[in-house]
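Here the structure is laid out as structure tokens; the discussion comes afterwards.
Numbering (our numbering), first residue to last: 11 to 205.
Pasting the structure below:
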């Protein structure tokens with residue numbers, strides 16, 4: 011019996027997917043992951059699901075896919091330089107009523123950034139008590155001596171952790187050493203990636 015006959019006779023099946031979500035894997039023997047996970051945790055959680063029965067995992071992605079995830083992270087998660095620039099911009103336009111009407115859109119255009127990234131940055135500022143948001147209006151207390159100390163932000167530090175987790179996986183995927191990837195997965199104890 012050749013490979014084609016095994017699939018044709020439903021003795022084996024193939025499932026293509028791009029994220030390890032809750033899948034019914036009982037009937038599928040060949041699983042094809044065609045999207046790069048964002049962390050070892052994500053990859054490991056899927057490997058645990060398929061480890062329960064004899065299955066074949068095929069990972070099909072290339073450098074462009076790895077780069078795409080990197081771009082998605084950078085587009086949506088604010089970094090320190092961006093936060094500093096955004097904070098200065100907000101301070102500059104703090105009392106401008108026209109800008110405050112649709113602040114997120116204005117800031118997105120002004121800084122050439124996604125609204126998602128702006129929203130995450132505003133959440134960091136709010137967590138640090140640097141701003142108050144009332145009906146889409148952002149207020150900064152100009153009487154306060156405000157310092158942007160990101161080390162005190164849990165949200166920002168979680169973002170850094172997400173970026174680091176992807177960087178670790180990205181490094182190993184670019185290394186193209188499958189044995190190193192397998193070794194890391196075997197040694198993986200689990201991590202919390204709630205982003």
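Beta carbons are placed, not taken as given, at the ideal position from N, Cα and C, and that holds for glycine.
Here the structure is a predicted model, which is why all the values come from computation and not from measurement.
- request: Using three-state DSSP, classify residue 148 as helix, strand or coil.
  value: strand
query: Going straight from the alpha carbon of residue 75 to that of residue 40, what length do you get?
result: 21 Å
- prompt: Roughly how many whole angstroms lie between the Cα atoms of residue 197 and residue 44?
  reply: Cα atoms of residue 197 and residue 44: separation of roughly 24 Å, rounded to the nearest angstrom.
message: Mapping the DSSP letters down to three states, classify residue 205 as helix, strand or coil.
response: With a pLDDT of 36 at residue 205, under the threshold of 50, the modelled position of that residue is not reliable, and the figure given next carries that caveat. Note: residue 205 maps to coil in three-state DSSP.
- prompt: When the Cα atoms are used, what is the spatial distance from residue 132 to residue 167?
  reply: 15 Å
message: Our contact map puts residue 94 next to residue 140 with C-beta atoms below 8 Å; I'd like the distance itself, whole angstroms only.
response: The beta-carbon distance between residue 94 and residue 140, rounded to whole angstroms, is 12 Å. This is too long to meet the 8 Å contact definition.
field: Cβ-based burial, residue 96 [other Cβ within 10 Å; buried from 16]
entry: Counting Cβ neighbours within 10 Å, residue 96 comes out buried, since at least 16 surround it.
message: Using only the alpha-carbon positions, how far apart do residue 70 and residue 183 sit?
response: 12 Å
- prompt: Excluding five sequence neighbours on each side, which residues of the same chain lie with their C-beta closer than 8 Å to the C-beta of residue 83?
  reply: 48, 172, 173, 176
- request: State the DSSP-derived secondary structure class of residue 66, mapped to helix, strand or coil.
  value: Three-state result, residue 66: strand.
query: What three-state label does DSSP hand residue 11 in the structure shown?
result: At residue 11, the pLDDT of 49 sits below 50, so the modelled position is not reliable; the number obtained from the coordinates is stated separately. Coil at residue 11, not helix or strand.
query: At which residue ranges does the stretch 71 to 99 contain complete alpha helix (DSSP H) runs of 4 or more residues, listed in the order of the chain?
result: Runs of the alpha helix (DSSP H) inside the stretch 71 to 99: 73 to 86.
- request: With a 10 Å radius around its C-beta and 16 neighbouring C-beta atoms as the bar for buried, classify residue 148 as buried or exposed.
  value: buried
- request: Round the Cβ separation of residue 127 and residue 87 to the nearest angstrom and send it over; I've been treating them as touching at under 8 Å.
  value: 7 Å
Cutoff 7 Å; reference residue 165; Cβ partners in own chain excluding five residues on either side: 133, 134, 137
task: Assuming residue 42 contacts residue 80 (C-beta within less than 8 Å), just tell me the rounded distance between them.
output: That belief does not hold up - the Cβ atoms of residue 42 and residue 80 are roughly 22 Å apart, past 8 Å.
- prompt: Tell me the DSSP bridge mates of residue 142?
  reply: 149
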